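Numbering (this note's numbering), first residue to last: 418 to 770.
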């Protein structure tokens, strides 16, 4: 109900001042609704329409009273909706190095292979590249055929021998290596002859293409996300999210990774069973001491965060994740304040670009 003049005076407040209190309270509520105060205070303590403002004009742009207008923030478009499909649990793939290779091979040919016994001499072998691994067959069947089923946590790259002297002693060889670091296994191969450089480049490209095809076959169709999920408050500080592969002793698991903005002296990285973000399987606290590294290889999409190893869908996605994590660590290193909601929107806009 309305407060009478006598009741206001009982509190030591005169009637005119009481009316002004009511008006100011209304203005504060209006400011919270992002409106423009059209009032001006006169000498007698009353309020009137400010000069130059048409009280009948309904087409004016409003902004909070006493605050300068700001450039509009980018709209939060493409906010993902929670998936409607039922949760199926963590999806895990076998990474057994002895899995049978898929036939037919993508490419076969003769190369030189560094002997595993002495690590010094080379012998000619028949190398076959399959969609899920490689096989090494020795001429004359002097040794059993070696089969290696690789995982997404593998790489290929051109290389040299371990010492300058050893490299100079074999000037006619052009080396490349295939590393299945999931199992700590590396094989060194070499081409030779007048076209050794070209042949090596072809082998490296073919192995890299097979690894990429295998890696991408384990991913569902999805788009990277930067906005939090509606109704999931624990994703409110999300900067980047998307599916990735997680290396573990049991094999390779498909998880949904999520990088969070920093808060005080730490940031967070979470991995969920899927994009509904209902079941968390990994949580990492990121600070200035957290180790972040990448595997160096041709088109390699593997990186490490702390003690965990991940592989993204493409090398470009890996670089985006590493850049986002690096930017978060820079803010932590400079003791940046916890970002406001508006700052988070600008951060997300920068990631989308």
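We put the beta carbon where it would ideally sit given N, CA and C, even for glycine.
Computed from a prediction, not measured in an experiment: that's the story for all the values here.
Pop quiz: residue i and residue j are said to be a contact at Cβ under 8 Å. What is the actual Cβ separation, rounded to whole angstroms?
{"i": "residue 607", "j": "residue 590", "result": "4 Å"}
{"i": "residue 599", "j": "residue 529", "result": "Incorrect: roughly 25 Å between the Cβ atoms, too far for contact."}
{"i": "residue 725", "j": "residue 701", "result": "7 Å"}
{"i": "residue 523", "j": "residue 627", "result": "6 Å"}
{"i": "residue 660", "j": "residue 686", "result": "No, residue 660 and residue 686 are not in contact; Cβ-Cβ is about 14 Å, not under 8 Å."}
{"i": "residue 565", "j": "residue 531", "result": "That pair is no contact at about 14 Å."}
{"i": "residue 656", "j": "residue 750", "result": "About 17 Å separates the two Cβ atoms, so there is no contact after all."}
{"i": "residue 559", "j": "residue 553", "result": "At roughly 12 Å, the Cβ-Cβ gap does not stay under 8 Å, so residue 559 and residue 553 are not in contact."}
{"i": "residue 621", "j": "residue 684", "result": "The pair is not a contact, with the Cβ atoms about 36 Å apart (cut-off 8 Å)."}
{"i": "residue 669", "j": "residue 517", "result": "Going by Cβ atoms, the distance from residue 669 to residue 517 rounds to 17 Å, so no, they are not a contact pair."}
{"i": "residue 711", "j": "residue 735", "result": "7 Å"}
{"i": "residue 672", "j": "residue 644", "result": "Contact doesn't hold; Cβ gap of about 19 Å is too wide."}
{"i": "residue 574", "j": "residue 547", "result": "That belief does not hold up - the Cβ atoms of residue 574 and residue 547 are roughly 19 Å apart, past 8 Å."}
{"i": "residue 624", "j": "residue 514", "result": "Wrong, their Cβ atoms sit about 16 Å apart, outside the cutoff."}
{"i": "residue 742", "j": "residue 722", "result": "7 Å"}
{"i": "residue 556", "j": "residue 541", "result": "6 Å"}
{"i": "residue 551", "j": "residue 698", "result": "Not really, about 31 Å apart at Cβ, beyond 8 Å."}
{"i": "residue 525", "j": "residue 545", "result": "4 Å"}
{"i": "residue 706", "j": "residue 509", "result": "Incorrect: roughly 30 Å between the Cβ atoms, too far for contact."}
{"i": "residue 753", "j": "residue 679", "result": "7 Å"}
Quick one: what does DSSP say residue i is sitting in, helix, strand or coil?
{"i": "residue 488", "result": "Residue confidence for residue 488 is low, a pLDDT of 40 falling below 50, so the modelled location carries little weight and cannot support an answer."}
{"i": "residue 438", "result": "Note that residue 438 scores a pLDDT of 42, beneath 50, so its modelled location is shaky; the value from the coordinates is reported in the next line. Helix at residue 438."}
{"i": "residue 753", "result": "coil"}
{"i": "residue 668", "result": "strand"}
{"i": "residue 557", "result": "helix"}
{"i": "residue 509", "result": "strand"}
{"i": "residue 476", "result": "Residue placement at residue 476 is poorly supported in this model, since its pLDDT is 41, which falls under 50; the coordinates are not used for a value here."}
{"i": "residue 707", "result": "coil"}
{"i": "residue 652", "result": "helix"}
{"i": "residue 481", "result": "With a pLDDT of 37 at residue 481, under the threshold of 50, the predicted position of this residue should be treated as unreliable, and no value is reported."}
{"i": "residue 446", "result": "At residue 446, the pLDDT of 47 sits below 50, so the modelled position is not reliable; the number obtained from the coordinates is stated separately. Residue state, collapsed to three classes: helix."}
So is the beta-carbon of residue i under 7 Å away from any non-hydrogen atom of the ligand MG?
{"i": "residue 594", "result": "The ligand content of the structure shown is nil, which means the ligand MG is not present either."}
Ends of the alpha helix (DSSP H) at residue i?
{"i": "residue 743", "result": "732-750"}
{"i": "residue 615", "result": "613-634"}
{"i": "residue 767", "result": "758-769"}
Bridge partners for residue i per DSSP, in chain order?
{"i": "residue 580", "result": "Bridge partners of residue 580: none, in fact."}
{"i": "residue 565", "result": "551"}
{"i": "residue 697", "result": "689"}
{"i": "residue 572", "result": "596"}
{"i": "residue 546", "result": "524 and 551"}
{"i": "residue 779", "result": "Given that the chain is displayed from residue 418 to residue 770, the structure contains no residue 779 and the question cannot be resolved."}
{"i": "residue 674", "result": "659 and 688"}
{"i": "residue 591", "result": "608"}
{"i": "residue 638", "result": "Paired residues: none, contrary to the question."}
{"i": "residue 771", "result": "In the structure as shown, the chain starts at 418 and stops at 770, and residue 771 therefore has no counterpart that could be examined."}
What residue range does the beta strand (DSSP E) around residue i cover?
{"i": "residue 778", "result": "Only positions 418 to 770 of the chain appear in the structure, and residue 778 is not among them; the question remains open."}
{"i": "residue 644", "result": "Residue 644 -> no beta strand (DSSP E), and no H or E assigned at all."}
{"i": "residue 687", "result": "684-689"}
{"i": "residue 719", "result": "719-722"}
{"i": "residue 526", "result": "524-531"}
{"i": "residue 607", "result": "602-609"}
{"i": "residue 727", "result": "725-728"}
| field | Inter-stretch contact at 8 Å, needing at least 3 Cβ pairs: the segment 710-719 / the segment 690-698 | value | Contact fails: fewer than three Cβ-Cβ distances are below 8 Å.
| field | Any 3 or more C-beta pairs closer than 8 Å across the segment 726-740 and the segment 630-646 | value | Yes, they touch.
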